[in-house]
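Novice: After the structure tokens below, expect a handful of questions from me.
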Amino acid sequence: MSEDEAEISRVTRSKVEAKASYNIMSKWYDMVAGFAEKKCRNTGLQKLSAKEGEVVLDIGFGTGHSILALAQSVGNSGKVYGIDISEGMCNIAQSRVRAAELSDRVALKCGDAAKPHFEANFFFSVFMSFTLELFDTPEIPIVLHECQRVLRRGGRICIVAMSKEGKANVMMNLYEWIHAKLPKYVDCRPIFVQESLEDVGFQIVDVTKMSMVRLPVEIVVAKHVLPE
Numbered sequence: 001m002s003e004d005e006a007e008i009s010r011v012t013r014s015k016v017e018a019k020a021s022y023n024i025m026s027k028w029y030d031m032v033a034g035f036a037e038k039k040c041r042n043t044g045l046q047k048l049s050a051k052e053g054e055v056v057l058d059i060g061f062g063t064g065h066s067i068l069a070l071a072q073s074v075g076n077s078g079k080v081y082g083i084d085i086s087e088g089m090c091n092i093a094q095s096r097v098r099a100a101e102l103s104d105r106v107a108l109k110c111g112d113a114a115k116p117h118f119e120a121n122f123f124f125s126v127f128m129s130f131t132l133e134l135f136d137t138p139e140i141p142i143v144l145h146e147c148q149r150v151l152r153r154g155g156r157i158c159i160v161a162m163s164k165e166g167k168a169n170v171m172m173n174l175y176e177w178i179h180a181k182l183p184k185y186v187d188c189r190p191i192f193v194q195e196s197l198e199d200v201g202f203q204i205v206d207v208t209k210m211s212m213v214r215l216p217v218e219i220v221v222a223k224h225v226l227p228e
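Residues 1 to 228, numbered by the numbering used here, are exactly what the sequence shown covers, in order.
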């Protein structure tokens, strides 16, 4: 474990606890976290720049806003797949997809992104917004290796996540204190996004730094380049 990894807070709640928590939160998630995340998520979608006809995977799609945006981008000839651990989130996202009449180009499933069970070399790109930081530190490279496995050579990944880079401010210190005290409810924490991607062999293409309610956010686009 590197010095940087040692500084990242651990995620101590179980997957069962996470599923139960997000099932409850799904009913009011958009009213609380959804608005705060919107600007960073939309910037990530622009950076990923999904194209007509592409097949895209959205990991941790939540209430489905990114799913709709990606479905519009890939058009009738493309397809968007999504995986999320919460049945509550899946149900809300599925309702949103049906209302937008986009069911023919979207396939959602409830499951664990550390074991996604998608075909290898299948996706043109992967999108992940405020999701990677929900995994415990040892599981982050596992999730990213799975992203590599399902991506085509040269495929793109865009991760939007709370960032540990730079000097911590008062809000960040407060947030991490709450995370330590209430790990079942405040289960995400800032991570080293760019470094995590580089550590598993992704080639960094673009890094954008933003903030969300004074919490630093990294938006990192990288390419899957197989060794020669």
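Cβ atoms here follow ideal geometry from the backbone N, Cα and C, with glycine treated the same way.
(1) How would you write the range of the alpha helix (DSSP H) that E176 sits in, first residue to last?
(2) Leaving aside the five residues before and after G53 along the sequence, list all residues of the same chain whose C-beta is less than 7 Å from its C-beta, in chain order.
(3) So, for C90: in the same chain, excluding its five sequence neighbours on each side, which residues have a beta-carbon less than 7 Å away from its beta-carbon?
(4) Using CA atoms only, rank isn't needed, just tell me which of E176, G154, R152 and I24 is closest to M162.
(5) With distance defined between alpha-carbon atoms, name the residue in F61, R153 and F130 nearest to R96.
(6) May I ask you to list the residues that DSSP assigns as paired with D84?
(7) Among P216, S49, Q148 and N169, which has the Cα closest to the Cα of Q203?
(8) Could you tell me which residues DSSP pairs with E218 in its beta bridges?
(9) Are V80 and I92 closer than 8 Å when you measure CB to CB?
(10) Would you identify the three-state DSSP class for L57, choosing helix, strand or coil?
(11) With distances taken from CA atoms, which of F127, D206 and K209 is nearest A50?
(12) Residue range of the beta strand (DSSP E) that F123 falls in?
(13) Does the distance from the C-beta atom of V132 to that of V150 stay below 8 Å?
(14) Could you have a look at L70 and say whether DSSP puts it in helix, strand or coil?
(15) Name the DSSP bridge partner or partners of K259?
(16) Taking the alpha helix (DSSP H) that K184 belongs to, which residues open and close that run?
(17) G201 to A180, Cα distance in whole Å?
(18) If E146 sits next to P116, beta carbons under 8 Å apart, how far is it from one beta carbon to the other, in whole angstroms?
(19) Would Q94 pass as an interface residue toward chain D - the criterion being a Cβ-Cβ separation below 8 Å?
(20) Could you spell out the range, first to last residue, of the alpha helix (DSSP H) harbouring H117?
(21) What did DSSP end up calling G62 once you bin it into helix, strand or coil?
Specialist: Taking the coordinates as given:
(1) In the sequence shown, residue 176 corresponds to position 176, counting from 1. From DSSP, the alpha helix (DSSP H) with E176 extends over V170 to K181.
(2) The residue given as residue 53 occupies position 53 in the sequence shown. Taken in chain order, the residues that qualify are V74, G75, S77 and G78.
(3) On the sequence shown, residue 90 is found 90 positions in, with the first residue counted as 1. Counting only Cβ-Cβ distances below 7 Å, and skipping sequence neighbours, we find D84, L108 and C110.
(4) The residue given as residue 162 occupies position 162 in the sequence shown. Comparing Cα positions, the closest option is E176.
(5) Within the sequence shown, the letter at position 96 stands for residue 96. It is F61.
(6) The residue given as residue 84 occupies position 84 in the sequence shown. Looking at the DSSP assignment, D84 forms a beta bridge with C110.
(7) Against the sequence shown, residue 203 aligns to sequence position 203. Checked all of P216, S49, Q148 and N169; the closest Cα to Q203 is Q148.
(8) Numbered from 1 along the sequence shown, position 218 holds the residue referred to as residue 218. Answer is A161 and K209.
(9) Locating residue 80 in the sequence shown gives position 80, counting from the first residue. Locating residue 92 in the sequence shown gives position 92, counting from the first residue. No.
(10) The residue labelled residue 57 in the question sits at position 57 within the sequence shown. L57 falls in the strand class under three-state DSSP.
(11) Reading the sequence shown from its first residue, position 50 is the one you call residue 50. The candidate whose alpha carbon is nearest that of A50 is F127.
(12) If you number the sequence shown from 1, residue 123 lands on position 123. Run containing F123: F123 to S129, per the beta strand (DSSP E) assignment.
(13) Translated into positions along the sequence shown, residue 132 becomes position 132. Translated into positions along the sequence shown, residue 150 becomes position 150. The residue asked about is misnamed: residue 132 is Leu in this sequence, not Val. No, these two residues do not count as a Cβ contact at 8 Å.
(14) Position 70 of the sequence shown, counted from the first residue, corresponds to residue 70. The answer is helix: DSSP assigns L70 an H, G or I state.
(15) Nothing about residue 259 can be reported from this structure: the residues present for the chain run from 1 to 228 only.
(16) By one-based count along the sequence shown, residue 184 stands at place 184. No alpha helix (DSSP H) holds K184; DSSP gives it neither H nor E.
(17) Counting from 1 along the sequence shown, the entry for residue 201 is found at position 201. Counting from 1 along the sequence shown, the entry for residue 180 is found at position 180. Roughly 31 Å separates the two Cα atoms.
(18) The residue you call residue 146 lines up with position 146 of the sequence shown. The residue you call residue 116 lines up with position 116 of the sequence shown. That pair is a contact at about 6 Å.
(19) The chain labelled as chain D is not found in the depicted structure, where only one protein chain is given.
(20) The count along the sequence shown starts at 1 and reaches residue 117 at position 117. Premise fails: H117 is in no alpha helix (DSSP H) and is neither H nor E.
(21) Stepping through the sequence shown from its first residue, residue 62 is reached at position 62. G62: coil per DSSP, three-state reduction.
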